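Residues in the sequence shown are numbered from 1 upward in steps of one, following full-length UniProt numbering.
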Amino acid sequence: MPSQFAAYLRVYEPLTAFAPERERFWRRYVDEGRAVGLSDGPGRQRATVLEALGAGWSRLPDLPDEAYVMQGLTGQTDVTLVCPWNLRVRVAEAALQARDGVPQVLADAFVPPVLVDLAQTVVEQTRAEDRMHEQVATWGVPLRWFVLVSPAERDLVLEPTRRVLRYRTEIGKARQRAHKGLRVLRRTLGDVPITDSLRETARWLESFHPGSVVELDYGGLTGLLSEDALRDDDSVELVATGLAGLEREDGDAATAAYEQLVQRWRAIQLMERSN
């Protein structure tokens, strides 16, 4: 079973999307067969970071360049795409987030000021020079992620030692769906949190190569759901139903779909408190 109760939104870019030096690096990485499988990746990421950090937030270590690798979707299977992990910048972001909402004394004890300065530098440089290819959500799937995919793009695997529920789509389709959803939300709800969060996701998608592939992966959440629940999961359809209801000004239909979604995922989120 996956080691973390988290879901993932990933973007895989073709090798030609990277600067020449990075393209050569990733091409060697793929040719040497070094890529880590999706089922092993989250655990490998966690173990790598913990080992590199040591006993505390005393430094921001160098971390190995790793990535998930896939071949293109139907019709483009000869195209190799990679989803870099960007571990060092993710550790830097985690260090900064660990200080949010914490009294100054405790924040300095957990994350020393000298590390904060270094973390900020790493995050700023990466945002200017590179793209973060993976987003992570623990104990649930953000509703905005469901906007990006369609039911026909679902891939479900239920085996004794392997469970997978994921969606893969061309980034152009994901962008179109995100912008259509934004138009509906802006017109009907205005600038509310769900609109803002979908807008940020749409902006994130715009930073990638047009030949990229977007993947919504239930990841470790498949270990929390029964086989029947995985088979019957219609979260993508419910989000589409809710947006369609808003678009035709059918508030009852939109509310019913939203309430089903919230009830379903609240049950998963409550497991965090009992864990």
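Note that beta-carbon positions come from the ideal geometry of N, C-alpha and C, so glycine has one too.
On a predicted model such as this, the values are computed, not experimentally measured, just so you know.
By the DSSP assignment, the beta strand (DSSP E) with residue i in it spans what residues?
{"i": "Q135", "result": "134–138"}
{"i": "A240", "result": "Element bounds for A240: not the beta strand (DSSP E) but the alpha helix (DSSP H), 235–247."}
{"i": "Q71", "result": "67–71"}
{"i": "T80", "result": "80–84"}
{"i": "R34", "result": "Per DSSP, R34 belongs to no beta strand (DSSP E) and is neither H nor E."}
{"i": "L148", "result": "Here L148 belongs to no beta strand (DSSP E), and DSSP marks it neither H nor E."}
{"i": "E170", "result": "162–170"}
{"i": "V157", "result": "154–159"}
Leaving out five residues on either side along the sequence, give the residues of the same chain with a beta carbon under 7 angstroms from the beta carbon of residue i.
{"i": "H209", "result": "E13, P14, A17"}
{"i": "V136", "result": "A6, Y8"}
{"i": "T77", "result": "Q71"}
{"i": "residue 277", "result": "This structure cannot settle anything about residue 277, because the visible part of the chain is limited to 1 through 275."}
Going by beta-carbon coordinates alone, are residue i and residue j separated by less than 7 angstroms?
{"i": "V30", "j": "V69", "result": "yes"}
{"i": "L115", "j": "V214", "result": "no"}
{"i": "L216", "j": "A174", "result": "no"}
{"i": "E237", "j": "P151", "result": "yes"}
{"i": "R131", "j": "S197", "result": "no"}
{"i": "H179", "j": "V11", "result": "no"}
{"i": "V36", "j": "R44", "result": "yes"}
{"i": "W268", "j": "L224", "result": "It should be pointed out that residue 268 corresponds to Ile in this sequence rather than to Trp. Yes."}
{"i": "E93", "j": "V49", "result": "no"}
{"i": "E259", "j": "L158", "result": "no"}
{"i": "Y218", "j": "L165", "result": "yes"}
{"i": "W265", "j": "G181", "result": "no"}
Take residue i and list the residues in its own chain whose beta-carbon comes closer than 8 angstroms to its own, dropping the five residues that flank it on each side.
{"i": "E153", "result": "Y167, R168, T169"}
{"i": "G251", "result": "G245"}
{"i": "D234", "result": "P151"}
So, with DSSP's three-state summary, where would you put residue i?
{"i": "A47", "result": "helix"}
{"i": "R24", "result": "helix"}
{"i": "R131", "result": "coil"}
{"i": "A19", "result": "coil"}
{"i": "M1", "result": "Low confidence applies here, because M1 scores a pLDDT of 35, under 50, leaving its location unreliable; read the following figure in that light. It is coil, neither helix nor strand."}
{"i": "L189", "result": "coil"}
{"i": "P14", "result": "strand"}
{"i": "V214", "result": "strand"}
{"i": "L9", "result": "strand"}
Please list, in chain order, all residues of the same chain as residue i whose beta carbon is under 6 angstroms from its beta carbon, the five residues on each side excluded.
{"i": "W145", "result": "L9, L216"}
{"i": "L246", "result": "V184, T188, A254"}
{"i": "Q120", "result": "none"}
If you measure from the CB of residue i, is any heavy atom of the ligand FAD nearer than 6 angstroms?
{"i": "D40", "result": "Of ligands this structure carries none, so the ligand FAD is not represented either."}
So residue i is in the alpha helix (DSSP H); what residue range does that whole segment cover?
{"i": "D228", "result": "227–232"}
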